[in-house]
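Below you'll find the structure, written out as structure tokens, and then a few comments.
2 protein chains.
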Amino acid sequence: MSSAPAERNGTGPPPRGGGRDAITAAARESFAERGYHGTSIRDIARRAGLSLSALYYWHPSKQHLLAALIEESTHDYFQRCDDALRGTGDDPVDRLDALVRVTVEYRVARQVESNISTLEWRNLEPENRERLEGLRRSATRLWADIIADGVARGAFHIQHPDDARRAIVAACNAIAQWYEPGGDITLPQLAERYAAIALRIVDHRA
Amino acid sequence: MSSAPAERNGTGPPPRGGGRDAITAAARESFAERGYHGTSIRDIARRAGLSLSALYYWHPSKQHLLAALIEESTHDYFQRCDDALRGTGDDPVDRLDALVRVTVEYRVARQVESNISTLEWRNLEPENRERLEGLRRSATRLWADIIADGVARGAFHIQHPDDARRAIVAACNAIAQWYEPGGDITLPQLAERYAAIALRIVDHRA
DNA sequence: CCGAACTTACCGATCAATCGTTAAGTGCAC
DNA sequence: GTGCACTTAACGATTGATCGGTAAGTTCGG
């Protein structure tokens, strides 16, 4: 497969170190496959090749495992959005194009976390959910501001900007649910196509 | 809230009959709120105002409860699609318009079941899932055929019909996740707007 | 260069609580 | 007095979490 200390074959002492990453990866896969409540912490430990207790050595609870996963990937999305929009002028067409592209790329690059975030969001305990709800709202504002600006400047010709925004976001987000990494459609193609779809949704006319 | 024998208030004899409906309704609400694995059959029974075993008198298992729920609402969607398309000519513009409208209406009318179907689909046991997968595929074909016909007839001007289809379906399906029944946007308005969005996605030109 | 003190990274056993499911019994309508 | 619509009580299995223990690795005074 890959790097240094992998592949246990039964002989020799069990490997030390890397437990934290192994557990995080196992949790990610398990949550993605069976969902939060469908996954037991024993599933995760087994998958990581560690004991149940090792999980509690690295993480205080099952809930923390989910929250950390969602939180990290959400912040990653925001970082990507900021980076993309910072390198773009103030033309709403360019900005919408950039935001769609970065969203499509994110849904593919972090497909597993995307699906976990959308499907398991409701299983976050209130404390964790509330902490992230602010981020979610600013994501909505990111889209809404660009679309509103495009309408104001006469680049987009829609009566209902909120519906356009929801349609674009829903279409982009759904990519994580059907995209197959090994398929014959490449990421740049996909980004290109969805950017075009988004511009049609906001009724952009050149 | 509504019909005949509801609202227990502690006094009087326990109500007889209606147990089946009470359990189905309770399961629907519980699955919607906490998800399949997040819901215990004790939650459902408590909500229905019945004992745990009454649930097993009416349904053979928790899994059956979920499968029946999804199956019934999926068939309902197909019935509505058939009815709507039967009353429509062969113009792909009219047919896409009709299919979008019926889908939007369904997502609002059966909002709870819509969300359960999408979120809990993966928790169906293989036997149940396979039985429904055929329906799901024919839904995809319904959309794909209309769009392909529109492209062939020169009504829709898109290069990638699959992406358009996925975008439209994703946008319609997402309605169930954000729509608020008490809100200020009516169902006819919503259907109208989404029909317009869909026609823009397929690049319809009059 | 040594060994005591301490930390890191785990394991096995076990906890009370809850899970889905079942068996056996009860009250009421007809 | 029969059968439908339930109930109470219990089953073994599994759940998330905690316990004390321990083999390695690290630090550091002498």
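Chains as they are written, first to last, in numbering that gives the first Met the number 0: chain H, 0 to 205; chain D, 0 to 205.
Ideal Cβ positions, reconstructed from N, Cα and C, are used throughout, including at glycine.
Please read all numbers here as calculations on a predicted model, not as lab measurements.
- prompt: Touching or not, the region 125-138 of chain H and the region 66-83 of chain H, by the rule of three or more beta carbon pairs under 8 Å?
  reply: yes
### residue 183/D, enclosing alpha helix (DSSP H) - first and last residue
As a position in the second sequence, residue 183/D is number 184, starting the count at 1. Counting along the chain, residue 183/D falls outside any alpha helix (DSSP H), and DSSP gives it neither H nor E.
- Query: Cβ of residue 163/D less than 8 Å from any chain H Cβ?
  - Reply: Position 164 of the second sequence, counting from 1, holds the residue named residue 163/D. It does; some Cβ of chain H falls within 8 Å.
Open item on the list: Please report the straight-line C-alpha distance between residue 4/H and residue 156/D, rounded to a whole angstrom.
Closed with: Walking along the first sequence from the start, residue 4/H turns up at place 5. Walking along the second sequence from the start, residue 156/D turns up at place 157. Interpretation of residue 4/H is limited by its pLDDT of 37, a score under 50 that renders its predicted location unreliable; no figure is taken from the coordinates.
- prompt: From what residue to what residue does the alpha helix (DSSP H) around residue 74/H run?
  reply: Counted from its first residue, the first sequence places residue 74/H at position 75. Per DSSP, residue 74/H belongs to the alpha helix (DSSP H) from 61-85.
Where residue 51/H falls, given that 16 or more other Cβ within 10 Å makes a residue buried:
By one-based count along the first sequence, residue 51/H stands at place 52. That one is exposed.
**Asked** Nearest chain H C-beta to residue 75/D closer than 8 Å, yes or no?
**Response** Reading the second sequence from its first residue, position 76 is the one you call residue 75/D. Not closer than 8 Å to any Cβ of chain H, the Cβ of residue 75/D fails to qualify, so no.
Chain D residues whose Cβ lies nearer than 8 Å to that of residue 114/H: The residue given as residue 114/H occupies position 115 in the first sequence. Those do not exist, as residue 114/H stays about 10 Å from chain D at its closest Cβ, beyond 8 Å.
Open item on the list: Short of 7 Å Cβ to Cβ, which residues in the region 169-188 of chain D face chain H?
Closed with: 169, 170, 173 and 177
*asked:* Among 44/D, 23/D and 99/D, whose alpha-carbon lies nearest the alpha-carbon of residue 63/D?
replied: Within the second sequence, numbered from 1, the residue matching residue 63/D stands at position 64. Ranking the options by Cα distance to residue 63/D, first place goes to 23/D.
### Neighbourhood of residue 167/D by C-beta distance below 6 Å, restricted to the same chain and skipping five residues each side
Here the question's residue 167/D lines up with position 168 in the second sequence. Contacts found: 197 and 200.
Self-check item: Three-way DSSP call (helix, strand, coil) for residue 9/H in this model
Solution: Position 10 of the first sequence, counted from the start, is the residue given in the question as residue 9/H. Because the pLDDT at residue 9/H is just 38, under 50, the model does not fix this residue reliably, and the value given afterwards should be weighed accordingly. If DSSP states are grouped into helix, strand and coil, residue 9/H belongs with coil.
### Query
Can you tell me the Cα-Cα spacing of residue 114/D and residue 175/D, whole angstroms?
Your numbering for residue 114/D matches position 115 in the second sequence. Your numbering for residue 175/D matches position 176 in the second sequence. The straight-line gap from Cα to Cα measures roughly 6 Å.
Stretch pair the region 187-197 of chain H + the region 156-165 of chain D: three plus CB contacts closer than 8 Å: yes
If I follow the unbroken alpha helix (DSSP H) through residue 139/H, where does it start and stop? One-based indexing of the first sequence puts residue 139/H at position 140. 125-151 is the span of the alpha helix (DSSP H), which, as asked, contains residue 139/H.
_Closer than 8 Å between beta carbons: that is the criterion. Which residues of the region 111-145 of chain H meet it against chain D?_
118, 121 and 122
- Given residue 185/D, which residues of its chain have a CB within under 8 Å of its CB, disregarding the five upstream and five downstream residues? Here residue 185/D is taken as the residue at index 186 of the second sequence, counted from 1. Hits under 8 Å: none found.
Quiz item: What does residue 36/D touch in chain H if you count any residue whose Cβ is under 9 Å from its own?
Solution: For this step, residue 36/D is matched to residue 37 along the second sequence. Under the 9 Å cutoff, chain H gives 33, 34, 35, 36, 37 and 38.
Stretch pair the region 135-142 of chain D + the region 136-147 of chain H: three plus CB contacts closer than 8 Å:
no
- Start-to-end residues for the alpha helix (DSSP H) that takes in residue 122/D: Within the second sequence, the letter at position 123 stands for residue 122/D. Unbroken run through residue 122/D: none, as it is neither H nor E.
Terminal residues of the alpha helix (DSSP H) in which residue 24/H lies | Mapped onto the first sequence, residue 24/H falls at position 25. Residue 24/H -> alpha helix (DSSP H) spans 18-33.
For the alpha helix (DSSP H) holding residue 212/H, just list the boundary residues, first then last. No answer is possible for residue 212/H: it lies beyond the span of chain H, which begins at 0 and ends at 205.
Which one of 111/H, 195/H, 153/H and 107/H has the shortest CA to CA distance from residue 182/H? Numbered from its first residue, the first sequence carries residue 182/H at position 183. For the residues 111/H, 195/H, 153/H and 107/H, the minimum Cα distance to residue 182/H belongs to 107/H.
Distance, Cα to Cα, residue 97/D vs residue 80/D? As a first step, residue 97/D is located in the second sequence; it is residue number 98 there, counting from the start. As a first step, residue 80/D is located in the second sequence; it is residue number 81 there, counting from the start. Each residue's Cα considered, the two are about 8 Å apart.
Self-check item: Per-residue contacts from residue 63/D into chain H (C-beta, under 8 Å)
Solution: Here residue 63/D corresponds to residue number 64 of the second sequence, with the count starting at 1. Chain H residues near residue 63/D: none, gap ~18 Å exceeds 8 Å.
- Query: Name the chain H residues whose beta carbon is nearer than 7 Å to that of residue 234/D?
  - Reply: A question about residue 234/D goes unanswered here, because the residues of chain D that appear run from 0 up to 205.
- Item | Three-state secondary structure assigned by DSSP to residue 4/D | As a first step, residue 4/D must be located in the second sequence, where it is residue number 5. Residue placement at residue 4/D cannot be trusted, given a pLDDT of 35 that sits under 50; the coordinates are not used to answer.
inquiry  = Please report the straight-line C-alpha distance between residue 171/D and residue 49/H, rounded to a whole angstrom.
reply    = Start at 1 with the first residue of the second sequence, and residue 171/D comes out as number 172. Start at 1 with the first residue of the first sequence, and residue 49/H comes out as number 50. One C-alpha to the other measures close to 43 Å.
Checking contacts by CB at 8 Å: is residue 192/D closer than that to chain H? Working through the second sequence from its first residue, we reach residue 192/D at position 193. Judged by the 8 Å Cβ criterion, residue 192/D is in contact with chain H.
* Residues near residue 122/D by beta carbon distance below 7 Å, same chain, minus five either side -> Within the second sequence, residue 122/D is the residue found at index 123, counting from 1. Cβ within range, chain order: 35, 36 and 65.
Quiz item: Would the beta-carbon of residue 19/D fall within 8 Å of that of residue 57/D?
Solution: Along the second sequence, read from residue 1 onward, the residue named residue 19/D stands at position 20. Along the second sequence, read from residue 1 onward, the residue named residue 57/D stands at position 58. A contact, by the Cβ cut-off of 8 Å.
**Study point:** Cβ distance (whole Å) where residue 29/H is taken to contact residue 46/H below 8 Å
**Key:** By one-based count along the first sequence, residue 29/H stands at place 30. By one-based count along the first sequence, residue 46/H stands at place 47. The pair is a contact, with the Cβ atoms about 6 Å apart (cut-off 8 Å).
Problem set entry | Proximal chain D residues relative to residue 147/H, where beta-carbon distance stays under 7 Å | Position 148 of the first sequence, counting from 1, holds the residue named residue 147/H. What residue 147/H touches in chain D: nothing, since even the nearest Cβ is about 17 Å away.
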